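Each residue of the sequence shown is one higher than the one before, starting from 1 at the first, in our numbering. Ideal Cβ positions, reconstructed from N, Cα and C, are used throughout, including at glycine. Please read all numbers here as calculations on a predicted model, not as lab measurements. First the structure, in the form of C-alpha cells, and then the observations on it.
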Amino acid sequence: MAAASDDLALALELADVADSITRARFRATDLVVETKPDLTPVTEADTAVERALRAQLETLRPDDAVLGEEYGVSEGAPDHGRRWIIDPIDGTKNYMRGIPVWATLLALQERDRVEVGVVSAPALGRRWWAARGAGAFAIDLLSGTPRALSVSAVSALSDAQLCISGFDGWDASAGGVDRLLSLARQCWRTRGFGDFWTYMLIAEGVADVGCEAVVSLWDLAAPQVIVEEAGGTFSDLAGVPTADGGDALATNGRLHEAALAIVGR
C-alpha cells in the first residue's frame, strides 16, 4: 500500500495532467458540449480529463477503485477500501462560458474517510491540497511558493462572510430558501463565489461559511479534507461529517453550530 505522501504526490501529478488538458480547450471556439441524461452539460474536456486520469491510475494504482463524475465506478478493482474520486471539471457551466472559476478535483478515500485532496484551478492560477495529519496548502501556479492554510478566527455570524453557489436546490425541501435567506441576513456579507471556490476561500480564511443544497461526493471529497486540515468543520446539512450526504455546510469551525441551527435540515 502506498504511503500517504506517495498518494499526495501522485494526486498532484494527476492534477498536472488534468491542467494540461483543460487549459488547452478553455475558451476554444470549437469546444464540443453535449447534454447528459440528467440535462447537465458535459464538455469534451471533462471526458478527456477523466479518461486520462483513469488511465494513469489503472497503471500506477491498479488495486485502487475509481469513482468519477463522467464514467461512474470502475469495475474489476479489488475491494481494498481505497478509492480515487474524480471531478474532471467542477464548474463545467463556467468552463463552457469562458468564466475562469472551474477546477479539477481529486481525492483519495480510504474506507469512509477522505485522506488526500487536490483542487487545481489553472485559469485562476491556483492549486490547493491536503493530506490527513499533514495540513492544507495553496500555491500560486506562477510563483510556485506554497503556503499553509488556516481558517479564520471569526466567531460571530454578524462578522462572517457567507459564500453560496446560488438558489438551485434550496426549494427542494420545505423552507429551504427561507433558511438560506435567514442565514444570509444574519451574516455580515454574502457573495456567490460558488462551487469549489467557496470551500477554498474558507480554508484560506478569507470566507467563513459556505453551504450547498444539492451536491455530489465528487464535488466535496477533496474540499472536505482541505477545509478540515485547515482547521475548519465540514458536514452535510444534517450535521454529519461527510462529503456524501447530498448537501454541505463548511465553516471555520467556530460558526458551524450557529450556521447549522439556521440552515440545517
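Item                                                                                                                                                        : Value
Tell me the DSSP secondary structure of Arg111 in three-state form.                                                                                         : coil
Quick one: complete beta strand (DSSP E) runs, 3+ long, within the region 20–72?                                                                            : 33–35, 41–43, 65–68
Mind checking whether Glu50 and Gly68 have CB atoms under 8 Å apart?                                                                                        : yes
Please name the residue or residues paired with Cys266 in a DSSP beta bridge.                                                                               : Here the chain comprises residues numbered 1 to 265, so residue 266 is not present and cannot be evaluated.
Which value, in whole angstroms, describes the spacing of the CA atoms of Val215 and Asp247?                                                                : 5 Å
For the beta strand (DSSP E) that contains Ser235, what are its first and last residues?                                                                    : 233–235
Tell me which residues share the same chain as Ala11 and place their Cβ nearer than 6 Å to its Cβ, disregarding the 5 neighbours each side in the sequence. : Leu106, Val116, Val118
Out of Cys211, Pro146, Phe196, Ile139, which one is the CA nearest neighbour of Thr190?                                                                     : Cys211
Looking only at its own chain, which residues have a Cβ that is under 8 Å from the Cβ of Leu8, when we skip the five neighbours before and after it?        : Val116, Val118, Trp129, Ala131, Ala134
Determine, using beta-carbon pairs with one atom in the region 141–151 and one in the region 163–170, whether at least three such pairs fall under 8 Å.     : no
Mind checking Ala261: buried by the 16 CB within 10 Å criterion, or exposed?                                                                                : exposed
List the whole-angstrom C-beta distance separating Leu53 from Ala18, where the pair is believed to meet the contact cut-off of C-beta under 8 Å.            : 6 Å
Flag Val42 as yes when its Cβ comes closer than 7 Å to any non-hydrogen atom of the ligand ZN, and as no otherwise.                                         : No copy of the ligand ZN occurs in the structure displayed, which carries no ligand at all.
Mind the definition here: the region 169–185 touches the region 226–235 only if three or more C-beta pairs lie below 8 Å; say whether that holds.           : no
For Arg126 versus Leu141, is the C-beta spacing smaller than 8 Å?                                                                                           : yes
Sort out for me which residues DSSP pairs Gly117 with in a bridge.                                                                                          : Ala107, Ala130
Is Pro122 helix, strand or coil when you go by DSSP?                                                                                                        : coil
In terms of alpha-carbon separation, which member of Glu204, Ala48, Asp63, Thr40 lies closest to Glu110?                                                    : Asp63
Under the DSSP definition of a beta bridge, which residues are partnered with Ala222?                                                                       : Paired residues: none, contrary to the question.
Would a C-beta distance cut-off of 8 Å place Asp46 and Ile89 closer than the cut-off?                                                                       : yes
Where does Ile262 sit, in a helix, a strand or coil, going by DSSP?                                                                                         : helix
Thinking C-beta only, is Ser155 closer than 8 Å to Arg83?                                                                                                   : no
Can you tell me which of the three DSSP states Met1 falls into?                                                                                             : With a pLDDT of 48 at Met1, under the threshold of 50, the modelled position of this residue cannot be trusted; read the value that follows with caution. In this structure, Met1 counts as coil in the three-state DSSP scheme.
Would you call the CB atoms of Ala238 and Gly264 closer than 8 Å?                                                                                           : yes
Do Gln56 and Leu124 have their beta-carbon atoms positioned less than 8 Å apart in this structure?                                                          : no
DSSP on Asp247, reduced to helix/strand/coil?                                                                                                               : coil
If you run the structure through DSSP and keep just helix, strand and coil, what is Ile202?                                                                 : helix
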